[in-house]
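Peer 1: Here's a structure for you.
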Amino acid sequence: MRDVLFRNATPAKLQLTEEEAIMHDTIHRAWQLHLRRQRTARDVDLERRYNRMREACADLAEHDPKLFKLAMMRDPKAGFPLNARALTETPPSSGWNHDWKRPQE
């Protein structure tokens with residue numbers, strides 16, 4: 168009964184032969200190398216995109232400052248409404264706002 172209720176969450180260490188341990192370590196290192204290369208490629212791509220966006224913003228600011236200012240202005244009505252909330256199993260701590268009305272445009 169005790170084994171069922173209070174089972175050790177950590178599995179027992181694998182008992183590997185020397186050859187199996189070498190294979191396991193080689194596969195593990197290869198997987199870590201693969202993940203590192205993926206991370207590096209993603210970081211390089213994101214940096215390239217960020218630099219291109221900065222260049223585009225600089226060009227826009229240089230050629231048309233009025234349009235640049237419009238492009239950089241944040242519209243509070245645009246995007247996802249902050250008062251919309253994902254459904255959860257528990258109610259919010261503040262309760263339900265029954266008087267809420269959608270903002271008029």
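Note that the working numbering numbers the sequence shown so that position 44 is 211, with each residue one more than the last.
We treat Cβ as the ideally placed atom computed from N, Cα and C, and that holds for glycine.
Taking the continuous alpha helix (DSSP H) assigned at T207, which residues delimit it?
Peer 2: Segment E185 to H230, the alpha helix (DSSP H) holding T207.
Peer 1: Taking only three categories from DSSP, how would you classify A179?
Peer 2: Of the three classes helix, strand and coil, the one that applies to A179 here is coil, per DSSP.
Peer 1: Does DSSP put D170 in a helix, in a strand, or in coil?
Peer 2: DSSP places D170 in helix when its eight states are reduced to three.
Peer 1: Would the beta-carbon of H195 fall within 8 Å of that of L183?
Peer 2: Their beta carbons are not under 8 Å apart, which means H195 does not touch L183 by this criterion.
Peer 1: Distance cutoff 8 Å, beta carbons only. Does H201 sit that close to anything in chain B?
Peer 2: Here there is only one protein chain, and chain B is not present.
Peer 1: Indicate the three-state DSSP secondary structure (helix, strand or coil) for K268 in the structure shown.
Peer 2: Three-state DSSP puts K268 in coil, outside helix and strand.
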